[in-house]
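Working notes, beginning with the structure itself.
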Amino acid sequence: MRKLAIALCVLSGCMLTACEVDCGKDCDRSDCGCTDCDHKSEYCGNGIIELGEQCDGMNFAAATCATVLGQGCTGYLMCSSCKIDTSLCVCPKPETRQCGNGILEAGEQCDKTDFGSATCASLRPGTSGQLLCDSDCTIDLTGCAPAQPYEPVCGNGVIDSGEQCDTNNFGGYTCHIKCAEAGMNYSGAFTCTDQCKVDERACKCIPPETAICGNGKVETWEECDDGNVKDGDGCSKACKLEVCGNGVLDFGEECDDGNTADGDCCSSTCKLEYSAACASTCGNGRIELGETCDDNNLGYYTGMGAEKVCKLFGYQMSSSAKVSCSDTCQIVLDCPERKCGNGSLDDGEFCDGGVIRNGYTCQSIFGPGSTGTLKCDNTCLHTDKSSCTPPSNCGNGKVNGNERCDPNLEDESKFLCSSYYPGSTGNRVCSSVCRWEDDSCTIPPTCGNGKWDEGEDCDPSVFVSYAQSCAGAMGPGSTGTVLCTERCKFSYSLCTQSPACGNNKTENGTNGTARYHEVCDGTDLNGKTCAKLLGSEYTGTLGCLSNCTGYDYTNCRLK
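Residue numbers (the numbering used here): 20 to 578.
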């Protein structure tokens, strides 16, 4: 079972994309979603403290020389292989203190019954009781209890049982996460109502086709675009400004409560403020600063069910999924691994059962008039086209419609593989269904490895439809979806000029010169709804994009 501590990943916005790594290789990328085939690697070096890490880069959370080695220690912590290195810390000589002698000395928080001036009330306002001193001379607050029974209050900034949010505290759930579930970009943010319920109306989910993050142009929903898709350089990989106060935990921030005010436990520079008033207690059932859950209180996810939570974070729903709260008050998912043959697209798979990546069908491969059902082979890496029946004009000595070649055109029946797949050997052959047969080509094993290698237009494991546009490839006015084939080449079979777009009638076919493909048209949504496309937990009004090539999910929302 795959176990994932998601808290910091949730806040840092790592759910837009997934990372897939070739089996047998170490995971060398910093994306939160990146896992090796055995799913055991952590991702040291991404600036985010994940499960099993004490630090990452310059991120030490709340740790200092004093908190690690004891009161009186000064200097600087270093991070080595995501473990705290205290070699630059300077502490009083060991002989100057002796834990257990009953005397409070430098480097100690307490010693037996000597707590200095510390009390439950001074360390945890509103509590009373007896402080305890552990064997390492650190204070134990388990003996401190509220002076009066705690009454949950909406508006205190703490997510109590029955609340989805409180003021600016959403327990890690963001507009970013909501839209990432549907594979879309986002604009806006959540607000918390006076009843401590999440109000999603200002959060807009935007289909990725409307802008290309990373092309150096600021478009539609983008706040910035610096020509790359990396975090930590001022413009995030989601093309959002990385600034303190935006409510998103960006690279280098310890917190971000949506404002730049001091005195609210998150400073104007997005650093945690440490004081008795800001202290949190894991295990009290209240989601406080730095926590994404507490005991049985999962905040927004309470009552949602593990299946839906797993789906929210990019996994296929499964009856064996589990969600729990760790001893450090961070949400932990236990989502089942996926394998070839389970009917779900897992990392590294091009297809599985009847599910084909990028929406391939017999019609999209062989053209209008083709019949049959595209299948997946037993490796989940290639499609089986044997059940597809192409149009009957194949073999007439002409390249018609969606044909790529014709076996009766001798000059096109063979072609060097190397001219199409750099580094490969052999000849391409035109088959009886007027498609190039590349089985005779010996191709270097790079296609499908999750990387764009030399000679590839794309890679189906990481390809997104907006990486190449029909208009960019076929001229202004062209619409549709560019596909990435299992041979790592762009396919424009779904690109068309669609003069019928705008007549409130979903149509597919040919206008005599070009093939056109409409997903929807105006008020004709082809029978689709928010619930049918995004899941039964969604409601709202589905729309159609102005170019008839996709749906507008802006007004879809969780129930």
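No residue lacks a Cβ here, since even glycine has one placed at the ideal position from N, Cα and C.
Contact annotation: the segment 85-103 touches the segment 124-133, with at least three C-beta pairs closer than 8 Å.
The way I'd put it, the segment 209-224 doesn't touch the segment 339-348; fewer than three beta-carbon pairs between them come closer than 8 Å. When the alpha-carbon of R576 is set against those of D540, L150, E272, C224, the nearest one is in C224.
Residue environment analysis places S383 among the buried positions, since at least 16 neighbouring C-beta atoms fall within 10 angstroms of its C-beta.
For N265, the three-state secondary structure derived from DSSP is coil.
Looking at E456, C222, N175, the one whose alpha-carbon comes closest to that of Y192 is C222. The C-beta of K404 has 16 or more other C-beta atoms within 10 Å across all chains shown, which makes the residue buried. Per DSSP, reduced to three states, the secondary structure at L553 is helical. In the structure shown, N446 adopts extended strand secondary structure according to DSSP, grouped into three states. In this structure, C285 places its C-beta atom within 9 Å of the C-beta atom of C274. Per DSSP, the beta-bridge partners of F509 are C503. Look at C101 here: in three-state DSSP terms it is coil, with no helix or strand label. In the DSSP annotation of this structure, the continuous segment of the alpha helix (DSSP H) that includes L142 starts and ends at 139-142.
Distances from the CA of L502 to each of C243, A140, N574, F369 were compared; the closest alpha carbon is that of F369. Only exposed fits E238, as fewer than 16 other CB atoms lie within 10 angstroms of its CB. By the Cβ neighbour-count rule, S255 is buried, with 16 or more other Cβ atoms within 10 Å of its own. S451 and G541 have their C-alpha atoms roughly 40 Å apart.
L88: member of the alpha helix (DSSP H) spanning 84-88, first to last residue. In this structure, P426 sits away from C460, with a CB-CB distance that is not shorter than 9 Å. Buried is the label assigned to V328, since at least 16 other Cβ atoms lie within 10 Å of its Cβ. Within the same chain, Q73 come within 6 Å of K102 by CB-CB distance, once the 5 residues on both sides are set aside. The three-state secondary structure of A164, taken from DSSP, is strand. Checking the DSSP bridge columns, you'll see I350 partnered with C344. DSSP, reduced to helix, strand and coil, places R576 within a strand of the structure shown.
Assigned with DSSP and collapsed to three states, S383 falls in helix.
With at least 16 other beta carbons inside 10 angstroms of its own, N316 counts as buried.
Y192: not part of any beta strand (DSSP E); DSSP gives it neither H nor E. The three-state reading of DSSP puts V328 in helix, counting H, G and I together.
In this structure, the alpha-carbon of E242 lies about 21 Å from that of N574.
At a Cβ-Cβ threshold of 9 Å, T132 and A140 do not count as neighbours.
Of the candidates K290, E272, L142, C263, the residue whose Cα lies closest to the Cα of N278 is C263.
The beta carbon of Y570 sits closer than 8 Å to those of P226, V538, C539, L544, K547, L552, L561, G562, C563, L564, all from its chain and outside the five residues before and after it, given in chain order. According to the DSSP secondary-structure assignment, T93 is paired through a beta bridge with V109. Partner residues in the beta bridge of C370, as assigned by DSSP, are I375.
A buried status is given to R305, since no fewer than 16 other beta-carbon atoms sit within 10 Å of its beta-carbon. The straight-line gap separating the alpha-carbon atoms of C184 and V217 is approximately 6 Å.
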